[in-house]
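Comments concern the structure below.
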Amino acid sequence: MSIATVSGVDIAVAAAVLIGLVLGGRGLRQYWRLSSVVRRAEETTATIERAAIEPVRGGRSRSYIPAVEYTYQTPTQKREGETVYPGQSRFVKRFGTEAAARNAIDSYEPGTQTRVYYDPNQPSHSFLEPEVQTGPQFSQLVVGLAALGVAVLLAVGL
0 MSIATVSGVD IAVAAAVLIG LVLGGRGLRQ YWRLSSVVRR AEETTATIER
50 AAIEPVRGGR SRSYIPAVEY TYQTPTQKRE GETVYPGQSR FVKRFGTEAA
100 ARNAIDSYEP GTQTRVYYDP NQPSHSFLEP EVQTGPQFSQ LVVGLAALGV
150 AVLLAVGL
């Protein structure tokens, strides 16, 4: 009777497959979820309360986010929102330059009205631009596929 041994390569292959499946699946799931939110979103009118650019520091890099605060009315109540793009956070899309972030909010002047979209299943989830930002989801998918590629290379012994 022989006992199978598990090598370091076997563990690395298993880890790479697990990482690949988790990251790739997470990226796809987030994209599909946000796409369905955009498809079912209802439109109403919002009043812009504040529009500014906020710097975000991350290590040595700096990025900028559009910070827009607005109020809107659903059929049942008045709400406040702060997300420009679909997602649970205003950090969904970051810009590399202040000018690019400013360009994204040029049309949102305080006191003016604009269209806002909200999820009828979760009316507190609102956004001004009905476009899914694919950067974060695409990055997770690419890293997941790369991890699966590493697993294949390790498994065939390259």
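Each residue of the sequence shown is one higher than the one before, starting from 0 at the first, in numbering that gives the first Met the number 0.
Yeah, the Cβ is synthetic: ideal placement off N, Cα and C, and Gly gets one too.
Item, Value
"If you drop the 5 nearest sequence neighbours on each side, which residues of the same chain put their C-beta closer than 6 Å to that of Q112?", "T44 and T46"
"Do three or more CB pairs link the stretch 4-19 to the stretch 147-155 at distances below 8 Å?", "yes"
"Any idea if T4 is buried or exposed, counting beta-carbon neighbours within 10 angstroms, 16 or more meaning buried?", "exposed"
"Look at the alpha carbon of R25 and the alpha carbon of R32, and state the distance between them as a whole number of angstroms.", "10 Å"
"Is S106 helix, strand or coil when you go by DSSP?", "coil"
"Going by C-alpha to C-alpha distance, which of E48, R56, Q72 and S60 sits closest to H124?", "Q72"
"Can you give the Cα-Cα distance for E97 and E41, rounded to whole angstroms?", "31 Å"
"Helix, strand or coil, according to DSSP, for R38 in the structure here?", "helix"
"In the DSSP assignment, find the beta strand (DSSP E) that holds V115 and state where it starts and stops.", "Q112 to D118"
"What three-state label does DSSP hand E97 in the structure shown?", "helix"
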